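Visitor: Counting in numbering that gives the first Met the number 0, the sequence shown runs without a single skipped number right up to 187 at its last residue.
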Amino acid sequence: MEILYNAIQEKQAELEESLALIQQKQQLIKDSYQKENHGEECLTQDDRACIQLEELSHQERAVHEELDILTQISKVNGTFEDIRLAARDAHTSLLESSGIASSLTYEEQKLSDHATKAENKHQELLLKYKRLKKMPPDNLSQEELLRLYLDIEHKIAQEKVRKDLFTFMAEHLLYEKSRSDDDLTLAM
0 MEILYNAIQE
10 KQAELEESLA
20 LIQQKQQLIK
30 DSYQKENHGE
40 ECLTQDDRAC
50 IQLEELSHQE
60 RAVHEELDIL
70 TQISKVNGTF
80 EDIRLAARDA
90 HTSLLESSGI
100 ASSLTYEEQK
110 LSDHATKAEN
120 KHQELLLKYK
130 RLKKMPPDNL
140 SQEELLRLYL
150 DIEHKIAQEK
160 VRKDLFTFMA
170 EHLLYEKSRS
180 DDDLTLAM
């Protein structure tokens with residue numbers, strides 16, 4: 000366990016150095032931009048300096064996230080399983096705080112809603128088909144009635160496929176989410 004904690008401390012030191020370098024680069028870009036533009040601080044979306052600062056900001060955020068996770072892990076004093084669980088919890092709290100987890104649940108909810116709508120439509124079409132079979136309209140010829148049956152059967156099959164597809168997509172999204180959580184936990 001001592002080897003693991005030493006590795007965590009080394010990684011934290013590397014990340015802190017990386018963070019300091021990123022902040023230095025940000026300051027250099029700001030300083031050079033102010034010299035070029037006579038002290039004006041008017042960065043626009045198209046400016047190369049603005050783009051570089053945005054990229055550095057993303058790098059800085061990623062380093063902070065890694066440091067937060069490692070800090071939470073280093074506070075754990077226990078078995079490897081305790082550390083693994085702490086890493087998973089740290090990652091989950093990071094996802095929740097950044098809004099990623101809520102967006103995934105929103106996507107899952109949308110897919111579930113689509114599956115429910117498709118299931119309701121499927122059931123509605125089945126009832127219509129059964130009623131039509133029990134009491135076919137008198138004014139239709141045999142050929143028209145057959146076409147009507149086939150049309151409804153086609154729609155029933157279509158809605159069943161839609162329901163199955165949306166259900167599969169929601170399950171796949173959950174699977175991918177759990178798999179990426181497991182991958183990040185193992186990486187820790």
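Virtual Cβ for every residue (Gly too), placed ideally from N, Cα, C. Here the structure is a predicted model, which is why all the values come from computation and not from measurement.
Counting pairs of Cβ atoms below 8 Å between the stretch 63-72 and the stretch 21-31, do you hit three or more?
Guide: No, they do not touch.
Visitor: Can you say whether residue 110 is buried or exposed, counting buried as having 16 or more other CB atoms within 10 angstroms of its CB?
Guide: Looking up residue 110 in the sequence shown gives position 111. The residue in question, residue 110, is buried, as its Cβ has 16 or more Cβ neighbours within 10 Å.
Visitor: Exposed or buried, which one is residue 90 when buried takes at least 16 other CB atoms within 10 Å?
Guide: Looking up residue 90 in the sequence shown gives position 91. Per the 10 Å Cβ criterion, buried.
Visitor: Between the stretch 125-140 and the stretch 79-90, can you find at least three pairs of beta-carbon atoms closer than 8 Å?
Guide: In short, these stretches do not touch, since the Cβ pair count stays below three.
Visitor: Under 8 Å by Cβ, that's how I've got residue 21 and residue 73 pegged, so tell me the actual separation to the nearest angstrom.
Guide: Looking up residue 21 in the sequence shown gives position 22. Looking up residue 73 in the sequence shown gives position 74. Contact flag wrong, Cβ pair sits at about 22 Å.
Visitor: Kindly indicate which residue of 154, 15, 176 and 138 has the alpha-carbon position closest to the one of residue 59.
Guide: Here residue 59 refers to the residue found at position 60 when the sequence shown is read from its first residue. Closest option to residue 59, Cα to Cα, is 15.
Visitor: How close, in whole Å, do the beta carbons of residue 124 and residue 151 come, if the pair is a contact with beta carbons under 8 Å?
Guide: Locating residue 124 in the sequence shown gives position 125, counting from the first residue. Locating residue 151 in the sequence shown gives position 152, counting from the first residue. Residue 124 to residue 151, Cβ: 6 Å. Contact.
Visitor: Taking the C-alpha atoms as reference points, what is the distance between residue 67 and residue 114?
Guide: Locating residue 67 in the sequence shown gives position 68, counting from the first residue. Locating residue 114 in the sequence shown gives position 115, counting from the first residue. So the alpha carbons of these two residues sit roughly 38 Å apart.
Visitor: Excluding sequence positions up to five away, which residues of its chain have a Cβ less than 7 Å from the Cβ of residue 44?
Guide: Here residue 44 refers to the residue found at position 45 when the sequence shown is read from its first residue. Interpretation of residue 44 is limited by its pLDDT of 47, a score under 50 that renders its predicted location unreliable; no figure is taken from the coordinates.
Visitor: To the nearest angstrom, how far is the alpha carbon of residue 120 from that of residue 156?
Guide: By one-based count along the sequence shown, residue 120 stands at place 121. By one-based count along the sequence shown, residue 156 stands at place 157. Near 11 Å, if we compare the C-alpha coordinates of residue 156 and residue 120.
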